[in-house]
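The structure under discussion appears below in the form of structure tokens.
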Amino acid sequence: MAHIVVLGAGLGGMPMAYEMRELAHKGDRVTVVSNNPRFHFVPSNPWVAVNWRRRADIELDAGAVLKRKGIDFVPVGAKRVHPAENRIELDDGASLAYDYLVIATGPKLAFDEVPGLGPAAGGGHTQSVCHVDHAVEAERGWQAFVADPGPVVVGAVQGASCFGPAYEFAMIMDTDLRRRKIRDRVPMTFVTAEPYVGHLGLGGVGDSKGLLESALRERHIKWICNAKTTRVEAGKMWVTEHHDDGTPKKEHELPFRYSMMLPAFKGVDAVFGIEGLTNPRGFVLIDEFQRNPKYRNVYAVGVCVAIPPVEATPVPTGAPKTGYMIESMVTAAAHNIRAALDGREPDQRATWNAVCLADFGDTGVAFVALPQIPPRNVNWFSEGKWVHLAKIAFEKYFLRKMRTGTSEPAFEKMMMNALGIMKLKR
């Protein structure tokens, strides 16, 4: 009987474990390894950062819910993957052997690539909403800020690949400040490596440029694009704005009393630098079946997967891995591992489509890019209060799915609902 290990218990790892348990043979073991004993719903982190959610609202005990589905859980971090030996070296000195490995770690946050970037706990001067720990720290900073408001700088640095949460958090802050009736005391600047507002690492989706520029303008949020953040000190950020040919255009010194900047991502230490397994940034190399070309019993899903940028940009930007894309990777990987267990060749390919709901506090935007890389069959972007309500509903639905341990395709349902709304609007 085979032992299938899933490394990571996040948005990719937990659904991967559930789906693999359903597809594996009855006597096969499925084990999840994670350096965090709790699952948290990452898309809700911006709400935690302004105290619209508590940490407990978006977390659950990963080991407890996995156990109910017959899935083993090892709450110890992975020190190093040894793919040539089919084993994982754990932080506590133990080793875990596997027949098949699915890497679903998510990224390492590369705060160190910009001096002064990142939460205070790591020696930085900016906030983050990439992890619930950071969101909790950001909320403490937010409470101090609203008691003594001033300038805000928000956005994403060079090399970032997930721009949606930056726009989300800018709009959520604006909404929270308006509710507190102190928005007039807070100048806001959006700083992004994107070549234009609404690029999103995707070359734009529908009229994302026009809609997001309008949203920022209506909320009196200034923006700087083609921006390289060079360093951050307490209360001040240095940003170089570039021309479209990549040459420097203007130097900015931006004062702030509160700042949230998304970092670039890279691969986690457990796999970084393993020849044939990862690229120079540490992202896992895969073929069309989610399988590593060199170590053919190793698969990968989620943000840890190596995907090239959609296009070259004056300041480096990466391609996002949205929830629907991750779910599609999970399904393909699970079916392909089952095929391997049965002695068959894999034949399932992920549909790399981008679907996103971005909450703006009292409204929101949604986009659908099918496929993610242009030219597309569907290229749709829309705004409305329905997005805000849909994201609240989706949060509740996804957390329920994690608690009950179902492998139902949640993001696919969200996409179909979005496409249904699109057809009604036509």
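To convert, note that position 157 of the sequence shown is 1373 in this note's numbering; the numbers rise steadily by one, no gaps.
Note that beta-carbon positions come from the ideal geometry of N, C-alpha and C, so glycine has one too.
These numbers were taken from a predicted model, which means no experiment stands behind them.
- When the Cα atoms are used, N1513 and A1522 turn out to be separated by approximately 17 Å.
- Using a C-beta cut-off of 8 Å, the segment 1284-1302 makes contact with the segment 1311-1330, since at least three inter-stretch Cβ pairs fall below that distance.
- As far as DSSP is concerned, R1619 takes part in no beta bridge.
- When DSSP states are grouped into helix, strand and coil, I1220 belongs to the strand group.
- Ranked by how close their Cα comes to the Cα of P1291, the residues R1284, D1277, K1285, V1297 have D1277 in first place.
- Distance from the Cα of R1473 is smallest, within the candidate group K1324, H1347, H1256, E1449, for E1449.
- When secondary structure is reduced to three states using DSSP, P1471 falls in the strand class.
- For G1371, the enclosing beta strand (DSSP E) begins and ends at 1368-1372.
- For N1552, the enclosing alpha helix (DSSP H) starts and ends at 1539-1557.
- No Cβ-Cβ contact shorter than 7 Å links T1494 with A1443.
- Contact check for V1531 against H1436 fails: the beta carbons are separated by 7 Å or more.
- DSSP places H1350 in the uninterrupted alpha helix (DSSP H) bounded by 1348-1363.
- For A1280, the uninterrupted alpha helix (DSSP H) run begins and ends at 1278-1284, by DSSP.
- Using a C-beta cut-off of 8 Å, the segment 1282-1289 makes contact with the segment 1227-1239, since at least three inter-stretch Cβ pairs fall below that distance.
- Closest in alpha carbon position to G1226, among P1524, S1430, E1275, is E1275.
- Judged by DSSP in its simplified three-state form, L1333 adopts coil rather than helix or strand.
- For S1250, no beta strand (DSSP E) segment is defined, and its DSSP state is neither H nor E.
- DSSP, reduced to helix, strand and coil, places Y1234 within a helical segment of the structure shown.
- Counting C-beta atoms within 10 angstroms of its own C-beta, M1217 has fewer than 16 neighbours from the protein chains shown and is therefore classed as exposed.
- Closest in alpha carbon position to A1372, among A1360, D1392, S1344, is S1344.
- DSSP places I1608 in the helix class (H, G or I) of the three-state scheme.
- Under the three-state reduction of DSSP, V1603 is assigned to helix.
- Excluding the 5 residues flanking it on each side, K1452 has same chain C-beta neighbours closer than 8 Å at E1469, L1470, P1471, F1472, in chain order.
- As for any beta strand (DSSP E) of minimum length 3 sitting wholly inside the segment 1373-1437, the runs are 1404-1408, ordered along the chain.
- Counting along the chain, the unbroken alpha helix (DSSP H) around V1264 starts and ends at 1261-1265.
- A1431 and G1498 have their alpha carbons spaced roughly 36 Å apart.
- Counting along the chain, the unbroken beta strand (DSSP E) around A1582 starts and ends at 1580-1586.
- Rounded to the nearest whole angstrom, the CA to CA distance from H1415 to K1510 is 34 Å.
- In this model, V1369 and D1563 are separated by some 46 Å (Cα to Cα).
- Rounded to whole angstroms, the Cβ separation of T1247 and V1330 is 37 Å, and the two are not in contact under 8 Å.
- In terms of Cβ geometry, M1232 and M1618 do not form a close pair [threshold 7 Å].
- The shortest C-alpha to C-alpha distance from R1565 to any of V1517, V1258, F1597, M1476 is the one to V1517.
- Bridge partners of H1458 according to DSSP: P1464.
- Between P1479 and L1333 the beta-carbon gap is near 6 Å, inside 8 Å, which marks them as a contact.
- Beyond the five residues adjoining it in sequence on each side, G1340 comes within less than 8 Å, by CB distance, of F1327, G1332, L1333, G1334, V1448 in the same chain, given in chain order.
- In the DSSP assignment, K1242 falls outside any beta strand (DSSP E), carrying neither H nor E.
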